[in-house]
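The block underneath contains the structure these notes are about, expressed in structure tokens.
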Amino acid sequence: MSVQIERLAAVHKEGEGIIGHLTWWSIREHHVTRDVLSQKLNEAGLDEGWLPNEIRPADAFRRATKEVECRKKETSQPGVYKNYLIREVYSDKKMVQRNIVVETVDQKGKRLDYEGQAALLVLDKEADQLKVGVVLPEVEELAQEASRLYDIYKSHYPAQAVRVMVADILKSMSPTPVRPTGGVYFVPQSHQNELAKLCAFVNSLDKGEAFKIPLIDTMDNRQMVNRKLQDHLEEIMARCHVALKGDLKKSQVKEIIEEAKRVISDFHQYREIVTDDIDRLENYIDTIRKNVALMVESF
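Given below as structure tokens:
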């Protein structure tokens with residue numbers, strides 16, 4: 007596929023410029039350490055400041071224990087099942103205790119029996135040590151699996167953490183979504199060097215791939231960017247309208263405010279591309295700016 011992209015990049019006539027790139031990327035499930043991520047960022051020429059937050063032992067513990075949960079396991083009795091669940095029973099600055107509980111239910115989910123201490127999983131935060139106490143032999147395998155996963159997760163990021171990091175880096179490049187569902191973005195030409203670094207970083211990951219295709223300066227391409235930018239601004243205005251109704255959580259409103267501010271700041275990157283419809287888009291930006299002020303005032 008990279009060969010095809012190179013060919014696409016080469017089929018522009020002399021004298022025609024490039025207004026930006028279409029880009030997309032994917033990262034499949036895998037785990038990676040902070041040191042490896044840091045090394046790959048450096049090799050790609052990206053700042054280490056983009057690294058995710060340090061992994062906290064308590065977060066790794068909760069993630070590892072959550073993953074061993076399983077429901078509706080068949081028993082020797084017809085129509086009777088067991089749910090193996092995780093319940094957090096205590097947490098402070100020094101330790102976290104989570105128990106494996108066994109819930110026996112019928113086929114409709116009605117509880118028939120309950121054991122709240124099938125196994126005790128206790129994380130000593132200061133010693134970074136996980137202690138496992140198994141009471142019911144039937145959960146021994148689950149308890150040991152939680153311990154094994156904790157050893158991995160306390161030093162490895164999941165793919166989702168890397169995806170969030172890549173998305174944050176891309177946001178610094180004034181991107182506009184090209185597809186309604188996301189996944190493909192237009193990035194203005196002024197960010198071509200940083201975009202190349204980002205693609206190099208993603209492609210250096212064991213299960214990552216990223217592509218970019220230059221967008222030639224033609225009327226059709228300018229109209230496409232204009233339309234997609236307009237769609238994006240209209241979506242932001244709609245989200246602002248919802249936020250101003252006061253029905254969203256503060257965290258959701260904060261996210262909308264940050265995205266709206268980014269769009270306002272990025273608009274200057276598009277002025278030379280969307281010249282035919284600049285008045286309409288500037289009105290959109292003014293509306294978004296006013297909505298941001300109202301949201302900040304009521305936040």
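The opening position of the sequence shown corresponds to residue 7 in our numbering, with each subsequent residue numbered one higher. For each residue, glycine too, the CB sits at the ideal point set by N, CA and C. All figures in this text were calculated on a predicted structure; none of them were measured in a lab.
Which of helix, strand or coil does DSSP assign to L211?
Coil.
Would a C-beta distance cut-off of 9 Å place G188 and S32 closer than the cut-off?
Against a cut-off of 9 Å, the Cβ pair of S32 and G188 comes out as no contact.
Tell me the DSSP bridge mates of M101?
Under the DSSP definition of a beta bridge, M101 partners with D130.
Residue burial classification, Y290 (beta-carbon count within 10 angstroms, cutoff 16):
Buried: at least 16 other Cβ atoms inside 10 Å.
Evaluate M171 with the Cβ neighbour count: other Cβ atoms within 10 Å of its Cβ, from every protein chain shown; 16 or more gives buried, anything less gives exposed.
When all chains shown are included, M171 counts as buried.
If you reduce the DSSP assignment to three classes, tell me which class I61 lands in.
Note: I61 maps to coil in three-state DSSP.
Taking DSSP as the reference, what is the three-state secondary structure of S8?
Unreliable positioning characterises S8 in this predicted model, as indicated by a pLDDT of 37, which lies under 50. The coordinate reading is nonetheless provided below. In the displayed model, S8 falls within a helix according to three-state DSSP.
Per-residue DSSP class, three states only, for P143:
The answer is helix: DSSP assigns P143 an H, G or I state.
At which residues does the alpha helix (DSSP H) containing E264 begin and terminate?
It spans 256 to 272 - the alpha helix (DSSP H) in which E264 sits, taken as one unbroken run.
If you drop the 5 nearest sequence neighbours on each side, which residues of the same chain put their C-beta closer than 6 Å to that of G26?
So the list reads F192, V193, P194, Q195, L221, once near-sequence residues are dropped.
Can you tell me the Cβ-Cβ gap for L287 and Q229, rounded? I've got them flagged as a contact below 8 Å.
Contact between L287 and Q229 is absent: CB atoms are separated by about 13 Å, not below the 8 Å threshold.
Taking C-alpha atoms, which residue in C76, R185, A167, K116 lies nearest to E60?
Distance check between E60 and each of C76, R185, A167, K116 places A167 closest, using alpha-carbon atoms only.
Thinking C-alpha only, which one of I24, D41, V231 is nearest L211?
Measuring from the Cα of L211, the nearest candidate turns out to be D41.
Using three-state DSSP, classify Q45 as helix, strand or coil.
When secondary structure is reduced to three states using DSSP, Q45 falls in the helix class.
Alpha carbon of A124 to alpha carbon of K251, nearest angstrom:
The alpha-carbon separation between A124 and K251 amounts to approximately 47 Å.
When the Cα atoms are used, what is the spatial distance from D174 to W56?
In a straight line, the C-alpha of D174 is about 8 Å away from that of W56.
Note down the Cα distance separating Y96 from F207, rounded to an integer number of angstroms.
Near 41 Å, if we compare the C-alpha coordinates of F207 and Y96.
Please classify N199 as buried or exposed, where buried requires at least 16 other C-beta atoms within 10 Å of its C-beta.
Exposed, by the Cβ-count rule.
How would you call C76, buried or exposed, if buried means at least 16 neighbouring beta carbons within 10 angstroms?
Residue environment: C76 is assigned as exposed (fewer than 16 neighbouring CB atoms within 10 Å of its CB, all protein chains considered).
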